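Have a look at the structure below before the remarks.
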Amino acid sequence: MSEIAPRAKLRTRFKPTRLKLSSDHSKRPLDRMSLHDQLVAKVREMIVDGELQAGAPLPEKMLCETFGVSRTPLREAFKILASEGLIELRPHRTPVVTPVDREEIANSFAIMVALDGVAGAEAAMRATDEDIARLSAMHDQLVTLHREASRPAYFRLNQDIHIEITRLAKNPVLLNIWTTLNANIYRARATANYDAARWTESVREHEAFMALLRARDAQGFAASLSAHTRKTGDAVLATLKIATDTKT
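Per this note's numbering: the sequence shown = residues 1025 to 1272.
Spelled out as structure tokens, the structure:
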């Protein structure tokens, strides 16, 4: 029985060339990232502010022409906004602004109230003096934005404050659950600030729970934070009900 001849070695091998970068290579990724961030922020703002209504189509060609960008950064921005629950990506179809489900929002707020209670108690016990000073500075800026009626900037900073409080609880599981639920109610939560009376009331609630945090009153801070979230949820659901009744 004859032996099988060994397979001949391939004569041609792939030889990777060394990557050559131009002297200004560090600028291009930063420029791309900046463009991506700007697109995410702009489209998010248009949705949160109601310029893009629930269910509205988001045609890529029109948006690319509007913002003067190619489809690649726009699609990357769409992915981020979809992860936040603001838009719905549909295979082979135009993306749309995600409709707001009132029942889902109600269920999400019910859990958020409980989570804020846990996060508030833990944050008050674990926060350092520097942490509290940083939150106080953020709160002072929040009050200024309210006085200036800068609603979009106020809403973004308000979100940052709530995220920071949850982060200070130093519980990664809690932070992950909170962040996921908050993404579901992100746009709906912004609607509460359209009501001037509720907006002013919300600022007063922030004043109250920040005073309790500075006093290191963990139980009081947790209760006040939960109450604030519950009232915000009630205001959001009332606004959504009015919108639904108006359509019907």
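Glycine is no exception: its CB is placed at the ideal position from the N, C-alpha and C atoms. The structure presented is a predicted model; accordingly, all values stated were derived computationally and were not measured.
Open item on the list: Just to confirm, is the Cβ distance from M1136 to T1253 under 8 Å?
Closed with: yes
Task: Short Cβ contact (8 Å threshold) for P1145 with R1240 - done: The question names Pro, but residue 1145 in the sequence shown is Ala. In this structure, R1240 does not lie closer than 8 Å to A1145 by Cβ.
Task: Secondary structure of T1118, DSSP reduced to three states - done: strand
Task: Contact under 8 Å by Cβ, G1141 with S1250 - done: yes
TODO: Measuring alpha carbon to alpha carbon, tell me which of A1235, V1121 and D1258 ends up nearest I1071.
DONE: V1121
Open item on the list: One question on the structure: do S1160 and M1086 come within less than 8 Å of each other, judged by their Cβ atoms?
Closed with: no
Task: E1108 beta carbon less than 8 Å from that of Y1210 - done: yes
Open item on the list: Whether or not the segment 1092-1104 and the segment 1178-1195 are in contact is what I'm after, with contact meaning three or more pairs of Cβ atoms, one per stretch, closer than 8 Å; do they touch?
Closed with: no
- [ ] Assign P1119 to one of two classes, buried (16 or more other C-beta atoms within 10 Å of its C-beta) or exposed (fewer than that).
- [x] buried
- [ ] Kindly give me the distance between the Cβ atoms of E1143 and W1202, rounded to whole angstroms, as I take these residues to be in contact under 8 Å.
- [x] The amino acid occupying residue 1143 in the given sequence is Ala; Glu does not appear at that position. Indeed, because the Cβ distance is near 7 Å, the residues count as touching under 8 Å.
TODO: Kindly identify the DSSP beta-bridge partner or partners of P1081.
DONE: V1120
Task: Cut-off 8 Å between Cβ atoms - residues of its own chain near R1114, not counting five sequence neighbours on either side - done: V1120
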